[in-house]
Amino acid sequence: GEGISEKLQKELQQSFVSIDHTFSSDSFQIHLSLPEESQNAQLKYLSLWCEGWLLGYGLSPTDNTFSEEVKEGIRDIRDISRVDYDIQIDPSESDQFEKDFYQLVSHIEVIIELVFLENNSNNNKTTPTKLGSQISDKLH
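Heads up: the sequence shown at position 109 corresponds to 120 in this note's numbering, and the numbers run straight through without jumps.
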């Protein structure tokens, strides 16, 4: 196939530098921003977010030497990405749904933070240049 254009490579490089700067600190917090729509839409967007995170995680260069707790969390994210968001939610259970949904989102945020912390503690930090070269190699 064709290689990546020089312009796109520069844009990716700038993105990697920005992301590396964000992730290079010892602490990391994530807050999922999901649209405040219907409950089914919230489930759909959460499921799609998890699917996208898994895809990005799967493309990242890591040796996957995580604790069992983090491995279980990643499996949880995989399961959430497969949720049936077309289910009918009883309006009388709307308050309970909101509480459960908030708890689920909080659980995902903690998992992502744990993945970040374990990646950093295992010295698996990848520089933007190295990461860009690895992704470029996969695309060629």
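From the three backbone atoms N, C-alpha and C, an ideal C-beta is built for every residue, glycine too.
Distance between residue j and residue i (C-alpha atoms, nearest Å)
| i | j | result |
| --- | --- | --- |
| residue 145 | residue 70 | Only weak support is given to the placement of residue 145: the predicted model assigns it a pLDDT of 46, under 50, and the question is left unresolved by the model. |
| residue 56 | residue 95 | 12 Å |
| residue 20 | residue 66 | 20 Å |
| residue 23 | residue 131 | 22 Å |
| residue 2 | residue 110 | Nothing about residue 2 can be read from this structure; the chain reaches only from 12 to 151. |
| residue 106 | residue 17 | 51 Å |
| residue 25 | residue 47 | 31 Å |
| residue 113 | residue 15 | 40 Å |
| residue 43 | residue 102 | 25 Å |
| residue 104 | residue 83 | 28 Å |
Local Cβ density within 10 Å of residue i, reported as buried at 16 or more and exposed below that
| i | result |
| --- | --- |
| residue 126 | buried |
C-beta atoms of residue i and residue j nearer than 8 Å
| i | j | result |
| --- | --- | --- |
| residue 88 | residue 64 | yes |
| residue 108 | residue 119 | no |
| residue 61 | residue 98 | no |
| residue 41 | residue 85 | no |
| residue 45 | residue 53 | yes |
| residue 13 | residue 77 | no |
Residues near residue i in its chain [Cβ-Cβ closer than 6 Å; skip 5 each side]
| i | result |
| --- | --- |
| residue 50 | 100 and 108 |
Cβ-based neighbour list, residue i, same chain, cut-off 8 Å, excluding 5 preceding and 5 following
| i | result |
| --- | --- |
| residue 80 | 125 |
| residue 68 | 85 and 126 |
| residue 93 | 58 |
| request: Jot down the residue ranges of each uninterrupted alpha helix (DSSP H) in the segment 18-102, minimum 4 residues, whole runs only, in chain order. | output: 50-70 and 79-92
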